[in-house]
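**Student:**
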Amino acid sequence: MNHQPIEGFSRLTKQGKIDWLNGEYLNGDKTYEHILKQYWNDNPELQKLHDEFSENTISNFYMPYGIAPNFLIDGKLYALPMAVEESSVVAAASKSAKFWIDKGGFKTTIINTKKLGHTHFIMDVEPHKLQHFFNFKLKKKLFEATEDITANMRRRGGGILNIRLLDKTAEMPHYYQLKASFDTVDSMGANFINSCLEQFGKTLKEEIAASEDFSMQEKESLQVVMNILSNYTPDCIVRAEVSCPVEDLKDDSGIAHEEFAWKFKQAVTIAEIEPYRATTHNKGIMNGVDAVVIATGNDFRATEACAHAYASRNGKYSSLTHCTTDNGIFRFWIDLPVSVGVVGGLTNLHPLVKFSLAILGKPSAQQLMSILAVSGLAQNFAALRSLVTTGIQKGHMKMHLLNILNQLGATEEEKKYFVSYFRDKTVSHHEVIDEFNRLRTQ
Ligand code: MEV
Numbered sequence: 438m439n440h441q442p443i444e445g446f447s448r449l450t451k452q453g454k455i456d457w458l459n460g461e462y463l464n465g466d467k468t469y470e471h472i473l474k475q476y477w478n479d480n481p482e483l484q485k486l487h488d489e490f491s492e493n494t495i496s497n498f499y500m501p502y503g504i505a506p507n508f509l510i511d512g513k514l515y516a517l518p519m520a521v522e523e524s525s526v527v528a529a530a531s532k533s534a535k536f537w538i539d540k541g542g543f544k545t546t547i548i549n550t551k552k553l554g555h556t557h558f559i560m561d562v563e564p565h566k567l568q569h570f571f572n573f574k575l576k577k578k579l580f581e582a583t584e585d586i587t588a589n590m591r592r593r594g595g596g597i598l599n600i601r602l603l604d605k606t607a608e609m610p611h612y613y614q615l616k617a618s619f620d621t622v623d624s625m626g627a628n629f630i631n632s633c634l635e636q637f638g639k640t641l642k643e644e645i646a647a648s649e650d651f652s653m654q655e656k657e658s659l660q661v662v663m664n665i666l667s668n669y670t671p672d673c674i675v676r677a678e679v680s681c682p683v684e685d686l687k688d689d690s691g692i693a694h695e696e697f698a699w700k701f702k703q704a705v706t707i708a709e710i711e712p713y714r715a716t717t718h719n720k721g722i723m724n725g726v727d728a729v730v731i732a733t734g735n736d737f738r739a740t741e742a743c744a745h746a747y748a749s750r751n752g753k754y755s756s757l758t759h760c761t762t763d764n765g766i767f768r769f770w771i772d773l774p775v776s777v778g779v780v781g782g783l784t785n786l787h788p789l790v791k792f793s794l795a796i797l798g799k800p801s802a803q804q805l806m807s808i809l810a811v812s813g814l815a816q817n818f819a820a821l822r823s824l825v826t827t828g829i830q831k832g833h834m835k836m837h838l839l840n841i842l843n844q845l846g847a848t849e850e851e852k853k854y855f856v857s858y859f860r861d862k863t864v865s866h867h868e869v870i871d872e873f874n875r876l877r878t879q
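Quick look at the structure:
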């Protein structure tokens, strides 16, 4: 069927949008409308709140919201809120938390909290001349022109940390940047940073136009291309680590502790040198990071983009975690660049986000950075622990069993039967189906 484009979709009511979709894409089949409406919230105000988070909304898309308890982080016990659709992630986090709780728990260090943004511009001018103008005139004007925008942030202890002019002409003709660093305290700061940068773009144009240092030709060559924060924040970074004597690495699979430590370290080294493995290894880390990022109302696309850019910083994609086993001490850590907020954005709006922040004890942005790094490290520890011992499928498929049974339409009684049937063996998709069919036909 050939579909027709639509004008003014956003102006249709919610029902109008659904009717259009029904007619255009579902041949008038109303079953899907019923499904959409099942997910509407009974409370119209709450529904409206969610509708207004985004645009053209017609329903809600649920994500399971789970809790991973027993995280000892810097001497304090946390229960981590995790919004994630993948089975095993919350269980893996909880298992790691339990493993480390009697070994001193997780220790974190905030290495830096600097965020970055750029005004990207083109100007056909001698770099030294522009640099001189920047040093002696423009820089001061940029700070002055943003005083109103930064007033509140400065009161909270943040603001613009520095502004530099970067000559990028070797990479692209006439390309320069105003590169600014910011401290956004407890907010993620995207709006604040972008507002400052847009003002930089305006001030740059005004000051160049008014300056006597440049010829008319130079002035006319100025084009501000864009003003935007960078989601790559290698200087907004936290370290989380665990350590213990190798002999304390007891694993219920029965593997000897030296062998476990050796294999675990090999697995990390493989992820450090082999991008194919590093991608999956880091994906597992982000299972833990993103679940808490989402539960706390932060932007998981930003955390993903930043983590992977950082993982490639040396020109080859590599592991975010590292491991040593020197002098009989197993040490495992992550350096995670991550920019998040605990005020602003969804944090004040989404009731479940407020709940998440409440159970985390209303953390500062820095504490949340620590919690996120720990969640990623814990997830990676659990994944590698399984991978180098029993393999990932044993635990994963056990968690996935209920999904398979739900797809088959199993009753509660049948589910109980299957949990006990697979108690001591690895779940396989075909075995569930064979056994399910046998049960139903006997
Ligand atoms: C699955 O979502 C994540 C893992 O593949 C991570 C890993 O292999 O390290 C288990």
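In this text, residue positions in the sequence shown follow our numbering: the first is 438, and each later residue adds one. Glycine included, every Cβ here is placed at the ideal spot set by N, Cα and C.
State yes or no: is the C-beta of Ala728 within less than 8 Å of the C-beta of Val811?
**Tutor:** The residue given as residue 728 occupies position 291 in the sequence shown. The residue given as residue 811 occupies position 374 in the sequence shown. The answer is no: Cβ separation not under 8 Å.
**Student:** Just the C-alpha distance for Ala732 and Ile630, rounded to the nearest angstrom, thanks.
**Tutor:** For the purposes of this step, residue 732 is taken as the residue at position 295 of the sequence shown. For the purposes of this step, residue 630 is taken as the residue at position 193 of the sequence shown. C-alpha separation (whole angstroms): 24 Å.
**Student:** Output needed for Tyr854: all residues of its chain with C-beta closer than 8 Å, excluding positions within five of it in sequence on either side, in chain order.
**Tutor:** As a working note, residue 854 is residue 417 in the sequence shown. Cβ neighbours of Tyr854 beyond the five flanking positions: Leu876.
**Student:** Can you list, in chain order, the residues of its chain with a C-beta nearer than 7 Å to that of Thr550? Leave out the 5 residues immediately preceding and following it.
**Tutor:** As a position in the sequence shown, residue 550 is number 113, starting the count at 1. Within the same chain, Thr550 has close Cβ partners Asp620, Cys673, Gln803.
**Student:** Give me the residue from Glu851, Gln614, Tyr669, Leu757 with the minimum Cα distance to Ala739.
**Tutor:** Position 302 of the sequence shown, counted from the start, is the residue given in the question as residue 739. Selected option, being the one with the closest Cα: Tyr669.
**Student:** Between the stretch 474 to 481 and the stretch 495 to 505, do at least 3 Cβ pairs fall closer than 8 Å?
**Tutor:** Yes: the two stretches touch, three or more of their Cβ pairs being nearer than 8 Å.
**Student:** Three-state secondary structure (DSSP) at Ser624?
**Tutor:** Counted from its first residue, the sequence shown places residue 624 at position 187. Correct three-state label for Ser624: strand.
**Student:** Following the continuous alpha helix (DSSP H) through Leu773, name the residue where it begins and the one where it ends.
**Tutor:** Mapped onto the sequence shown, residue 773 falls at position 336. From DSSP, Leu773 is part of no alpha helix (DSSP H) but of the beta strand (DSSP E) over 766 to 774.
**Student:** Between which two residues does the beta strand (DSSP E) holding Ile892 run?
**Tutor:** Past the boundaries of the shown model lies residue 892; the chain is included only from 438 to 879, so the question cannot be answered.
**Student:** State the Cα-Cα distance for the pair Met598 and Gln636, rounded to the nearest angstrom.
**Tutor:** Along the sequence shown, one-based indexing puts residue 598 at 161. Along the sequence shown, one-based indexing puts residue 636 at 199. Checking the sequence shown, residue 598 turns out to be Leu, not Met. Going by the C-alpha atoms only, they are around 16 Å apart.
**Student:** Just to check my reading of the structure: Asn493 and Ser447 have Cβ atoms closer than 8 Å, yes? What is that Cβ distance to the nearest angstrom?
**Tutor:** Locating residue 493 in the sequence shown gives position 56, counting from the first residue. Locating residue 447 in the sequence shown gives position 10, counting from the first residue. Rounded, the Cβ-Cβ distance is 6 Å, consistent with contact.
**Student:** When every heavy atom of the ligand ATP is checked, does at least one fall within less than 7 Å of the C-beta of Ile829?
**Tutor:** Annotation note on the ligand ATP: not contained in the displayed structure, which lists the ligand MEV as its ligands.
**Student:** Return the Cβ separation of Ser667 and Leu757 in integer angstroms, given the expectation that the two are a contact with Cβ distance under 8 Å.
**Tutor:** One-based indexing of the sequence shown puts residue 667 at position 230. One-based indexing of the sequence shown puts residue 757 at position 320. About 19 Å separates the two Cβ atoms, so there is no contact after all.
**Student:** Please list, in chain order, all residues of the same chain as Leu602 whose beta carbon is under 7 Å from its beta carbon, the five residues on each side excluded.
**Tutor:** Translated into positions along the sequence shown, residue 602 becomes position 165. Within the same chain, Leu602 has close Cβ partners Leu567, Gln568, Phe571, Tyr613, Leu615.
**Student:** Is Lys791 helix, strand or coil when you go by DSSP?
**Tutor:** Numbered from 1 along the sequence shown, position 354 holds the residue referred to as residue 791. It is helical.
**Student:** Any heavy atom of the ligand MEV closer than 7 Å to the beta-carbon of Thr706?
**Tutor:** Position 269 of the sequence shown, counting from 1, holds the residue named residue 706. No, the beta carbon of Thr706 sits no closer than 7 Å to any heavy atom of the ligand MEV.
**Student:** Taking a contact to mean a Cβ-Cβ separation below 8 Å, would you say Ser886 touches Ala819 in this structure?
**Tutor:** Beyond the ends of the chain as shown, which are 438 and 879, falls residue 886; an answer cannot be given.
**Student:** Between the Cα of Thr826 and those of Phe767, Asp561, Val790, Leu686, spot the shortest distance and give me the residue it belongs to.
**Tutor:** The sequence position of residue 826 within the sequence shown is 389, counting from 1. Nearest option by C-alpha distance: Leu686.
**Student:** Counting beta carbon pairs with one atom in the stretch 837 to 845 and one in the stretch 855 to 871, are three or more of them shorter than 8 Å?
**Tutor:** Yes: the two stretches touch, three or more of their Cβ pairs being nearer than 8 Å.
**Student:** Quick one: is Asn735 buried, meaning 16 or more other Cβ sit within 10 Å of its Cβ, or exposed?
**Tutor:** The sequence position of residue 735 within the sequence shown is 298, counting from 1. That one is buried.
**Student:** With a 10 Å radius around its C-beta and 16 neighbouring C-beta atoms as the bar for buried, classify Pro774 as buried or exposed.
**Tutor:** For the purposes of this step, residue 774 is identified with residue 337 of the sequence shown, where counting begins at 1. It is buried - the Cβ of Pro774 has at least 16 other Cβ atoms within 10 Å.
**Student:** What residue range is occupied by the uninterrupted beta strand (DSSP E) comprising Ile504?
**Tutor:** Counted from its first residue, the sequence shown places residue 504 at position 67. Here the beta strand (DSSP E) through Ile504 covers 502 to 510.
**Student:** DSSP three-state label for Val679, please.
**Tutor:** Working through the sequence shown from its first residue, we reach residue 679 at position 242. In this structure, Val679 counts as strand in the three-state DSSP scheme.
**Student:** Quick check for students: name the residue ranges of the alpha helix (DSSP H) that lie wholly in the stretch 786 to 844, counting only runs of 4 or more.
**Tutor:** 788 to 796, 802 to 824, all fully within the stretch 786 to 844.
**Student:** Roughly how many angstroms lie between the CA atoms of Met519 and Gly503, to the nearest whole one?
**Tutor:** Walking along the sequence shown from the start, residue 519 turns up at place 82. Walking along the sequence shown from the start, residue 503 turns up at place 66. Cα-Cα distance, rounded: 5 Å.
**Student:** Would you kindly work out how many angstroms separate the C-alpha atoms of Pro788 and Glu489, rounded to a whole number?
**Tutor:** Translated into positions along the sequence shown, residue 788 becomes position 351. Translated into positions along the sequence shown, residue 489 becomes position 52. Each residue's alpha carbon lies about 14 Å from the other.
**Student:** Beta carbon of Ile510, beta carbon of Ser807: below 8 Å?
**Tutor:** As a working mapping, residue 510 is identified with position 73 in the sequence shown. As a working mapping, residue 807 is identified with position 370 in the sequence shown. Contact flag set, yes.
**Student:** Counting only the same chain and skipping the five closest in sequence on each side, list residues whose C-beta sits under 6 Å from that of Phe701.
**Tutor:** In the sequence shown, counting from the first residue as 1, residue 701 sits at position 264. These residues qualify, in order along the chain: Leu821, Val825.
**Student:** Could you tell me which of Asn628, Lys835, Thr716 sits nearest to Ser524, measuring between CA atoms?
**Tutor:** Here residue 524 corresponds to residue number 87 of the sequence shown, with the count starting at 1. When only C-alpha atoms are compared, the closest one is Lys835.
**Student:** Compute the distance between the beta-carbons of Gln660 and Phe558, then report whether it is under 8 Å.
**Tutor:** Reading the sequence shown from its first residue, position 223 is the one you call residue 660. Reading the sequence shown from its first residue, position 121 is the one you call residue 558. Going by C-beta atoms, Gln660 is nearer than 8 Å to Phe558.
**Student:** So Asn719 and Ala748 are supposed to be a Cβ contact under 8 Å. How far apart are they, rounded?
**Tutor:** Position 282 of the sequence shown holds residue 719. Position 311 of the sequence shown holds residue 748. Asn719 to Ala748, Cβ: 6 Å. Contact.
**Student:** Check for me: the alpha helix (DSSP H) holding Ala748 runs from which residue to which?
**Tutor:** On the sequence shown, residue 748 is found 311 positions in, with the first residue counted as 1. Unbroken alpha helix (DSSP H) run through Ala748: 737 to 748.
**Student:** Just checking: is the beta-carbon of Val730 within a distance shorter than 8 Å of some beta-carbon in chain B?
**Tutor:** Absence of chain B from the displayed structure is noted, only one protein chain being present.
**Student:** Where does Val869 fall in DSSP's three states?
**Tutor:** Start at 1 with the first residue of the sequence shown, and residue 869 comes out as number 432. Correct three-state label for Val869: helix.
**Student:** Just verifying my parser: in three-state terms, what is the DSSP assignment at Ala881?
**Tutor:** This structure gives no information on residue 881, because the portion of the chain shown stretches from 438 to 879.
**Student:** How is the beta strand (DSSP E) around Pro518 delimited, first residue to last?
**Tutor:** Looking up residue 518 in the sequence shown gives position 81. Run containing Pro518: 513 to 520, per the beta strand (DSSP E) assignment.
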